[in-house]
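Asker: These protein sequence lines are chains A and B, in that order. For the first sequence, position 39 matches number 84 in the working numbering, and the numbering has no gaps at all. For the second sequence, position 37 matches number 115 in the working numbering, and the numbering has no gaps at all. Just so it is clear, CB atoms sit at the ideal spot from N, CA and C, and this is done for glycine as well. Since the model is a prediction, treat every value here as computed from it, not as a measurement.
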Amino acid sequence: GNSVTQMEGPVTLSEEAFLTINCTYTATGYPSLFWYVQYPGEGLQLLLKATKADDKGSNKGFEATYRKETTSFHLEKGSVQVSDSAVYFCALIGGSQGNLIFGKGTKLSVKP
Amino acid sequence: NAGVTQTPKFQVLKTGQSMTLQCAQDMNHNSMYWYRQDPGMGLRLIYYSASEGTTDKGEVPNGYNVSRLNKREFSLRLESAAPSQTSVYFCASRGEGLQGGELFFGEGSRLTVL
Numbered sequence: 046g047n048s049v050t051q052m053e054g055p056v057t058l059s060e061e062a063f064l065t066i067n068c069t070y071t072a073t074g075y076p077s078l079f080w081y082v083q084y085p086g087e088g089l090q091l092l093l094k095a096t097k098a099d100d101k102g103s104n105k106g107f108e109a110t111y112r113k114e115t116t117s118f119h120l121e122k123g124s125v126q127v128s129d130s131a132v133y134f135c136a137l138i139g140g141s142q143g144n145l146i147f148g149k150g151t152k153l154s155v156k157p
Numbered sequence: 079n080a081g082v083t084q085t086p087k088f089q090v091l092k093t094g095q096s097m098t099l100q101c102a103q104d105m106n107h108n109s110m111y112w113y114r115q116d117p118g119m120g121l122r123l124i125y126y127s128a129s130e131g132t133t134d135k136g137e138v139p140n141g142y143n144v145s146r147l148n149k150r151e152f153s154l155r156l157e158s159a160a161p162s163q164t165s166v167y168f169c170a171s172r173g174e175g176l177q178g179g180e181l182f183f184g185e186g187s188r189l190t191v192l
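Laid out in structure tokens, this is it:
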């Protein structure tokens, strides 16, 4: 079945450091891929998405490229801020019901 | 611009008690979902509803029931709460058209079962 694997956390970085959170997937065909972010005490909100191979999603300085050859959708940001501290979830559309299948989440803490 | 609204935000139950989590969306979406979030487990789908009047089981439906009351509302019921149901519950609705695939989430309902 479809699944998402993302790197274990927590990840702790200093402000202005480079961020990579790895995400790989197993799926039939080429599903749309998503990164969601959850700030403390809040629900999930869409950070970025890509709907087909080689698409690059971007938002708030974050980027991720849909790589079908490596079945990956790694999240990157060139210079993180304290306000980026959150839990990040990689996800794909799982099936005919249109629900998202999530990775287990990666907690990011950015220190000043 | 309310989006997806869940109530209550917090609830403490004793084992065996029942309760209903309410969810409403004002975006005219057809599909709605209930997930639970547990540490180290990500989000897991409990039930979903593809349209008014239809519901289907997700990955972890045991111990839960749902009702799609109308297009706006999708409730989750725990008939006899168990400590294993201590979790944070999220309702979501699915965008269509240009928003295709994107899920919009409520702020969550934190449930503790003693």
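(1) So is B/R146 in contact with chain A if we call contact Cβ pairs under 8 Å?
(2) Compute the distance between the beta-carbons of B/R155 and B/S96, then report whether it is under 8 Å.
(3) What is the residue span of the beta strand (DSSP E) that A/A131 lies within?
(4) Would you kindly check if the distance between the Cβ of A/T50 and the Cβ of A/T69 is under 8 Å?
(5) Of all the options B/V138, B/G131, B/Y142 and B/Q100, which has the alpha carbon lying nearest to the alpha carbon of B/A170?
(6) Taking DSSP's pairing of strands, which residues face B/Y125 in a bridge?
(7) Taking only three categories from DSSP, how would you classify B/Q163?
(8) Could you tell me the boundaries of the beta strand (DSSP E) in which A/L93 lies?
(9) Rounded to whole angstroms, what's the CA-CA distance from B/N148 to A/T57? Just pull it up for me.
(10) In whole angstroms, what is the alpha-carbon distance linking A/S154 and B/G118?
(11) Could you spell out where the beta strand (DSSP E) holding B/M97 opens and where it closes?
(12) Determine, for A/T91, whether the minimum Cβ-Cβ distance to residues of chain B falls below 8 Å.
(13) Decide if B/S129 is buried, meaning its Cβ has at least 16 other Cβ atoms within 10 Å, or exposed.
(14) Using the Cα positions of B/L189 and B/Y126, report the straight-line distance between them to the nearest angstrom.
(15) Can you give me the C-alpha to C-alpha distance between B/T93 and B/V144, rounded to a whole angstrom?
(16) Applying the 10 Å Cβ sphere with the 16-neighbour rule, what's the burial state of A/N144?
(17) What does B/L181 touch in chain A if you count any residue whose Cβ is under 7 Å from its own?
(18) For B/G120, which residues in chain A fall below 7 Å Cβ to Cβ?
Answerer: So, from the data block:
(1) Here the question's residue 146 of chain B lines up with position 68 in the second sequence. Answer no: the Cβ-Cβ gap between B/R146 and chain A never drops below 8 Å.
(2) Taking the first residue of the second sequence as position 1, residue 155 of chain B is located at position 77. Taking the first residue of the second sequence as position 1, residue 96 of chain B is located at position 18. The answer is yes: Cβ separation under 8 Å.
(3) Taking the first sequence and counting its residues from 1, the one referred to as residue 131 of chain A is at position 86. Note, A/A131: beta strand (DSSP E), A131 to I138.
(4) Your numbering for residue 69 of chain A matches position 24 in the first sequence. Your numbering for residue 50 of chain A matches position 5 in the first sequence. Contact: yes.
(5) Residue numbering aside, residue 170 of chain B sits at position 92 when the second sequence is read from its first letter. That would be B/Q100, whose Cα lies nearest to the Cα of B/A170.
(6) In the second sequence, residue 125 of chain B corresponds to position 47, counting from 1. According to DSSP, which records beta bridges pairwise, B/Y125 is partnered with B/W112 and B/K135.
(7) Locating residue 163 of chain B in the second sequence gives position 85, counting from the first residue. Here B/Q163 sits in helix by DSSP.
(8) To locate residue 93 of chain A, count along the first sequence from 1; it is residue 48. Per DSSP, A/L93 belongs to the beta strand (DSSP E) from L89 to A95.
(9) In the second sequence, the residue the question calls residue 148 of chain B occupies position 70. In the first sequence, the residue the question calls residue 57 of chain A occupies position 12. The alpha-carbon atoms of B/N148 and A/T57 are separated by roughly 44 Å.
(10) Here residue 154 of chain A refers to the residue found at position 109 of the first sequence. Here residue 118 of chain B refers to the residue found at position 40 of the second sequence. Cα-Cα distance, rounded: 16 Å.
(11) Here residue 97 of chain B is taken as the residue at index 19 of the second sequence, counted from 1. Residues M97 to Q103.
(12) Indexing the first sequence from 1 puts residue 91 of chain A at position 46. Rather than Thr, the amino acid found at residue 91 of chain A in this sequence is Leu. Interface residue, yes.
(13) Position 51 of the second sequence holds residue 129 of chain B. Result: exposed.
(14) Numbered from 1 along the second sequence, position 111 holds the residue referred to as residue 189 of chain B. Numbered from 1 along the second sequence, position 48 holds the residue referred to as residue 126 of chain B. The alpha-carbon atoms of B/L189 and B/Y126 are separated by roughly 20 Å.
(15) Position 15 of the second sequence holds residue 93 of chain B. Position 66 of the second sequence holds residue 144 of chain B. About 20 Å.
(16) Taking the first residue of the first sequence as 1, we reach residue 144 of chain A at position 99. By the 10 Å Cβ count, A/N144 comes out buried.
(17) On the second sequence, position 103 is the one that residue 181 of chain B refers to. Going along chain A in sequence order, the residues near B/L181 (Cβ under 7 Å) are L145.
(18) Your numbering for residue 120 of chain B matches position 42 in the second sequence. Ordered by position in chain A, the residues that pass the 7 Å Cβ test against B/G120 are F134, F147, G148, K149 and G150.
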